[in-house]
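Beneath this line is the structure, given in structure tokens, with notes to follow.
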Ligand code: NA
Ligand code: NA
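Residue numbers (our numbering), protein chains in the order written: chain A, 1 to 422; chain B, 1 to 320; chain C, 1 to 179.
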């Protein structure tokens with residue numbers, strides 16, 4: 001019976017039924033057949049909306065939207081431009097560094113991919129970069145958006161695994177920067193091989209001026225993390241403060257926000273949060289059925305019975321998540337895998353904070369891999385090319401990403417050192 | 001079978017598979033030990049006719065949701081807090097009233113006596129049977145601002161309270177500013193200074209490691225926390241007399257197990273607290289009791305004066 | 001059914017969705033205001049608002065569930081259309097109809113389920129606001145009632161050949177910020 005639910009879920013997904021409805025409908029069918037009171041469907045669906053942690057998601061999205069409509073992407077691109085454009089494949093490097101800068105401001109990789117990609121991908125094409133390469137850089141480097149804080153995804157993980165959001169945010173900083181650096185190196189190496197152009201060497205003055213122009217935007221991540229770490233506010237409250245900050249900066253400092261684009265920011269926030277939350281809510285019904293039927297325990301027992309050493313088991317877990325990330329959306333994956341893998345990781349003696357970053361990074365790589373990848377979709381859309389044509393250019397970034405996953409898995413200090421300071 | 005109804009008729013009668021959910025841990029936890037004691041007794045005495053599967057740590061649902069699920073019949077059993085059940089049966093928050101009962105013995109006497117029986121019977125109108133109370137213990141106040149000796153010391157302090165009217169009003173009566181952040185956010189709230197203090201039974205204070213981030217502990221016993229072990233009414237009524245008796249006896253053992261955990265942990269942690277806190281105070285409670293009188297008047301409108309009077313009358317007798 | 005009349009009824013659906021969407025935006029603004037006031041009140045006036053927690057727990061579901069009405073209307077839900085697009089045109093249409101039927105099945109029972117649940121808890125109160133807990137679940141009732149109507153409307157449009165399956169690229173506009 002439970003296997004019929006899982007199978008019908010997969011069939012529905014393949015036929016193009018929205019993920020939320022595919023999960024909801026297959027779980028609903030199970031609940032009706034099993035004779036569980038129907039009210040439980042609505043109850044499980046509603047449950048997550050009562051968690052204070054999820055409230056941070058619309059706030060981080062709104063703060064990011066206000067910043068984006070306030071045209072800060074351009075200002076951050078200028079900063080990146082004045083830092084790395086003289087490297088081989090200068091514009092590609094600018095794209096990577098911009099993604100890191102945007103990551104500190106927004107909590108969403110897809111928003112970052114859209115806002116930086118729409119400026120940089122056409123520019124790269126104009127300078128003779130292959131469209132597939134431009135799309136690959138944009139898609140892959142945007143995933144640091146959810147690894148460098150703030151991050152909506154980390155909030156979901158922290159809530160699911162009962163961890164401190166502040167600690168998770170801090171734990172993501174070093175791995176996020178590490179991915180950025182490795183992608184910078186990858187870009188330079190590919191560009192050297194293909195002879196992509198360098199740009200003129202920027203002057204130090206140019207750097208200072210661009211920093212000054214982006215100052216208020218770049219201050220946000222520092223204020224935000226500071227507010228959370230030093231106890232001015234909880235993560236959710238800090239997110240609400242960030243909204244007010246972004247509003248004030250956009251209206252009074254950059255003078256780029258007006259009633260029209262404020263309403264647009266709010267509307268996109270409501271829709272974006274709605275899309276995430278209905279998926280989260282429906283996956284709650286689905287995973288609830290799996291949990292009450294003892295499936296996670298069964299898989300955990302199965303993995304345990306393999307008799308692998310700790311590192312081998314960890315590699316298997318990472319492998320499963322890499323593959324699942326490629327074929328499924330990130331949020332449903334979290335709901336499926338956190339209840340299964342957290343108990344195992346804890347038993348292996350891995351710190352839950354470290355393990356959640358391992359999980360986040362492995363699943364995040366799936367955002368830019370075919371067949372299902374949100375930052376890939378949007379980057380290909382901007383570059384006006386088919387998804388299948390990017391595979392060759394995506395590959396080196398996927399491999400570089402796996403190197404970071406392994407580093408984070410086997411070197412605890414990368415994730416635990418920073419949160420340990422506070 | 002999802003409804004916990006009779007699975008199959010055997011020579012000895014029907015068999016049952018039940019799910020039992022609660023929101024905290026298993027071993028060493030008051031609710032967890034109560035659940036273990038219940039399961040061991042009931043499974044053994046029923047000769048396997050009843051088998052119980054655990055869903056601790058909110059793995060089934062949150063506590064208020066589990067109440068709904070038991071009422072609906074999706075979940076057979078749960079151990080929700082009495083003040084969570086008070087949203088359905090207002091009288092269940094009576095023992096939350098500040099300083100109503102002053103010692104564990106008094107609390108147990110109330111719950112084991114006629115008033116306690118009357119309280120349990122109130123559940124019959126709401127689709128579940130309250131089998132027994134499960135002990136959580138008296139709450140004590142921790143904070144980072146100053147040692148508490150008089151109600152005046154609580155003035156202006158920001159204190160976290162659960163979302164319970166009588167507890168919120170109690171601390172407002174002391175002049176504290178009350179915030180109702182989630183239980184799981186207390187530690188970081190205290191560590192970061194978002195709030196100055198909180199109150200909980202000692203076992204919870206230590207379970208959440210609050211001693212790491214709090215300087216002062218005041219032993220005030222101002223509120224008695226407890227839960228009810230509840231079972232869906234149809235499920236209970238479907239049992240034959242013998243099994244009903246086994247379930248009731250198992251529930252009694254669960255209650256005793258929880259009380260043993262609280263007694264042991266209170267003694268253990270009280271001694272440990274002398275080292276872990278900068279100062280532990282034992283305030284004279286007379287002034288506190290005077291300060292909370294308005295709370296009683298206000299809460300009469302929520303739970304009715306009758307239950308308060310009943311408990312007070314019983315205690316007057318008991319104390320003599 | 002004359003064409004003019006039909007168009008007006010379609011306009012009615014568009015208008016209603018638009019109004020509900022604006023309401024969701026208003027609630028989002030209110031939500032920000034409540035949480036911001038809580039922080040301000042606690043820090044500046046040392047006076048936490050005890051009702052803010054419950055108020056946000058009420059406002060948040062209303063905001064998002066009103067918000068997904070327009071998302072459903074614009075076909076903005078997260079989905080994998082990659083495989084569907086590999087199918088021949090006629091099969092694509094069948095898959096699209098099937099997908100709407102599955103959504104309708106879930107939405108209709110969500111409507112029933114949430115209504116029943118609201119009735120079950122109607123005599124329970126939210127401790128601080130002192131209003132019925134049913135108000136929480138009415139957000140789901142309203143949302144899925146509207147979604148059910150929209151889905152039926154979309155099915156009618158598909159049968160009239162007025163609605164095509166969206167392609168992956170079409171989804172991207174709405175997908176902004178989805179993660
Ligand atoms: Na970010
Ligand atoms: Na992917």
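Yeah, the Cβ is synthetic: ideal placement off N, Cα and C, and Gly gets one too.
Segment contact flag, the region 251-264 of chain B with the region 23-36 of chain B, C-beta cutoff 8 angstroms, min 3 pairs = yes
Check the Cβ of residue 124 (chain C) against every Cβ in chain B and list those closer than 7 angstroms, keeping chain order.
-> Taking the third chain and counting its residues from 1, the one referred to as residue 124 (chain C) is at position 124. Neighbours of residue 124 (chain C) across chain B, judged by C-beta separation under 7 angstroms: 87, 88.
Which partner residues of residue 304 (chain B) appear in the DSSP bridge assignment?
-> The residue you call residue 304 (chain B) lines up with position 304 of the second chain. According to DSSP, residue 304 (chain B) bridges with nothing at all.
C-beta atoms of residue 216 (chain B) and residue 271 (chain B) nearer than 9 angstroms | One-based indexing of the second chain puts residue 216 (chain B) at position 216. One-based indexing of the second chain puts residue 271 (chain B) at position 271. No, they are not a contact pair.
Rounded straight-line distance, which links the Cα of residue 83 (chain B) to that of residue 300 (chain B) = In the second chain, the residue the question calls residue 300 (chain B) occupies position 300. In the second chain, the residue the question calls residue 83 (chain B) occupies position 83. Cα to Cα, residue 300 (chain B) sits roughly 15 angstroms from residue 83 (chain B).
From residue 1 (chain C) to residue 104 (chain C), what does the alpha carbon distance come to, in whole angstroms?
-> As a first step, residue 1 (chain C) must be located in the third chain, where it is residue number 1. As a first step, residue 104 (chain C) must be located in the third chain, where it is residue number 104. With a pLDDT of only 38 at residue 1 (chain C), under 50, the local geometry of the prediction cannot be trusted, and the value read off the model is given with reservation. Residue 1 (chain C) and residue 104 (chain C): Cα-Cα distance of roughly 24 angstroms.
Using the beta-carbon count (16 or more within 10 Å), is residue 321 (chain B) buried or exposed?
-> This structure cannot speak to residue 321 (chain B), because chain B is shown only from 1 to 320.
Opposite residue 506 (chain A) in the DSSP bridges: which residues?
-> Examination of residue 506 (chain A) is not possible in this model, given that chain A is present from 1 through 422 alone.
Examine chain C for any beta-carbon lying closer than 9 angstroms to the beta-carbon of residue 194 (chain B), and answer yes or no.
-> The residue you call residue 194 (chain B) lines up with position 194 of the second chain. It does; some Cβ of chain C falls within 9 angstroms.
Quickly, what does DSSP pair residue 197 (chain B) with across the bridge? List them, please.
-> Walking along the second chain from the start, residue 197 (chain B) turns up at place 197. DSSP output for residue 197 (chain B) lists B:143, B:159 as bridge partner(s).
Interface partners of residue 166 (chain A) on chain B, CB under 7 angstroms = Residue mapping note: residue 166 (chain A) aligns to position 166 of the first chain, counting from 1. Ordered by position in chain B, the residues that pass the 7 angstroms Cβ test against residue 166 (chain A) are 188.
In the DSSP assignment, what residue or residues form a beta bridge with residue 217 (chain B)?
-> By 1-based counting over the second chain, the position of residue 217 (chain B) is 217. B:142, B:280, per the DSSP bridge assignment.
Is there a Cβ from chain C that is less than 9 angstroms from the Cβ of residue 71 (chain B)?
-> The residue you call residue 71 (chain B) lines up with position 71 of the second chain. For residue 71 (chain B), a Cβ of chain C is located within less than 9 angstroms of the residue's own Cβ.
Looking at residue 114 (chain C) and residue 96 (chain C), is the spacing between their C-beta atoms short of 9 angstroms?
-> Numbered from 1 along the third chain, position 96 holds the residue referred to as residue 96 (chain C). Numbered from 1 along the third chain, position 114 holds the residue referred to as residue 114 (chain C). No, the pair does not count as a contact, with Cβ atoms beyond the cut-off.
Considering only the beta carbon of each residue, do residue 27 (chain A) and residue 282 (chain A) sit closer than 9 angstroms?
-> Taking the first chain and counting its residues from 1, one reaches residue 27 (chain A) at position 27. Taking the first chain and counting its residues from 1, one reaches residue 282 (chain A) at position 282. Contact: yes.
Check each candidate in B:268, B:158, B:169 and name the one with the smallest Cα separation from residue 207 (chain B).
-> Within the second chain, numbered from 1, the residue matching residue 207 (chain B) stands at position 207. The residue with the shortest Cα to Cα distance from residue 207 (chain B) is B:268.
Going by beta carbon distance, what residues of the same chain come within less than 8 angstroms of residue 280 (chain A), once the five residues before and after it are set aside?
-> Here residue 280 (chain A) refers to the residue found at position 280 when the first chain is read from its first residue. Closer than 8 angstroms at Cβ, skipping near neighbours: 48, 54, 156, 331, 335.
Just confirm the distance between the C-beta atoms of residue 67 (chain C) and residue 274 (chain A), as a whole number of angstroms; I'd bet it's less than 8 angstroms.
-> Mapped onto the third chain, residue 67 (chain C) falls at position 67. Mapped onto the first chain, residue 274 (chain A) falls at position 274. At roughly 4 angstroms, the Cβ-Cβ gap stays under 8 angstroms, so residue 67 (chain C) and residue 274 (chain A) are in contact.
Does residue 175 (chain C) come within less than 9 angstroms of chain A when only Cβ atoms are used?
-> Here residue 175 (chain C) is taken as the residue at index 175 of the third chain, counted from 1. Reliability fails at residue 175 (chain C), whose pLDDT of 43 lies under 50, so the model's placement of it is uncertain and the value that follows must be treated cautiously. For residue 175 (chain C), the answer is yes, since a Cβ of chain A falls inside 9 angstroms of its Cβ.
Just how far apart, CA to CA, sit residue 183 (chain C) and residue 319 (chain A)?
-> In this structure chain C extends from 1 to 179, so residue 183 (chain C) is not present and cannot be described.
Please determine if the region 322-330 of chain A and the region 37-48 of chain A are in contact, where contact requires at least 3 C-beta pairs separated by less than 8 angstroms.
-> In the pairwise beta carbon analysis, the region 322-330 of chain A is classified as not touching the region 37-48 of chain A: fewer than three pairs are separated by under 8 angstroms.
Below 7 angstroms between beta carbons is the criterion; list the residues of the region 158-175 of chain B that meet it against any residue of chain C, in chain order.
-> 158, 163, 164, 165, 168
Continuous alpha helix (DSSP H) stretch holding residue 178 (chain B): start and end | Residue mapping note: residue 178 (chain B) aligns to position 178 of the second chain, counting from 1. Run containing residue 178 (chain B): none in the alpha helix (DSSP H); it sits in the beta strand (DSSP E), 177-179.
State yes or no: is the beta carbon of residue 100 (chain A) nearer than 9 angstroms to at least one beta carbon in chain C?
-> In the first chain, counting from the first residue as 1, residue 100 (chain A) sits at position 100. Output row for residue 100 (chain A): interface = no.
Can you pull the chain C residues whose beta carbon is under 8 angstroms from the beta carbon of residue 236 (chain A), in chain order?
-> The residue given as residue 236 (chain A) occupies position 236 in the first chain. Those within 8 angstroms of residue 236 (chain A) in chain C are 35.
Report the residue ranges of all alpha helix (DSSP H) runs contained in full by the region 109-155 of chain A; include only those spanning at least 4 residues, in chain order.
-> 109-126, 131-141
Taking 9 angstroms as the CB-CB limit, is residue 78 (chain B) close to chain A?
-> What you label residue 78 (chain B) is simply residue 78 of the second chain in a count that begins at 1. No, no contact with chain A.
Proximity below 9 angstroms, CB of residue 184 (chain A) to CB of residue 84 (chain A) | Locating residue 184 (chain A) in the first chain gives position 184, where the first residue counts as 1. Locating residue 84 (chain A) in the first chain gives position 84, where the first residue counts as 1. Cβ distance < 9 angstroms, so residue 184 (chain A) and residue 84 (chain A) count as in contact.
According to DSSP, residues forming a beta bridge with residue 135 (chain B) | In the second chain, residue 135 (chain B) corresponds to position 135, counting from 1. B:226.
Does residue 152 (chain C) get closer than 9 angstroms to chain A when you measure Cβ to Cβ?
-> Your numbering for residue 152 (chain C) matches position 152 in the third chain. It does not: the Cβ of residue 152 (chain C) has no partner Cβ on chain A nearer than 9 angstroms.
Within chain C, partners of residue 329 (chain A) - CB distance below 7 angstroms | In the first chain, counting from the first residue as 1, residue 329 (chain A) sits at position 329. Within chain C, the residues near residue 329 (chain A) are 78.
Apply the 10 Å Cβ neighbour rule to residue 317 (chain B) and answer buried if 16 or more other Cβ atoms are within range, or exposed otherwise.
-> One-based indexing of the second chain puts residue 317 (chain B) at position 317. It counts as exposed.
Using the beta-carbon of each residue, which ones in chain A are nearer than 7 angstroms to residue 113 (chain C)?
-> As a working note, residue 113 (chain C) is residue 113 in the third chain. Simply 38, 39, 41, 42.
So what's residue 247 (chain B) in DSSP terms, helix, strand or just coil?
-> Looking up residue 247 (chain B) in the second chain gives position 247. Three-state result, residue 247 (chain B): helix.
Decide if residue 105 (chain B) is buried, meaning its Cβ has at least 16 other Cβ atoms within 10 Å, or exposed.
-> As a working note, residue 105 (chain B) is residue 105 in the second chain. Exposed.
Mind checking residue 133 (chain B): buried by the 16 CB within 10 Å criterion, or exposed?
-> Position 133 of the second chain holds residue 133 (chain B). By the 10 Å Cβ count, residue 133 (chain B) comes out buried.
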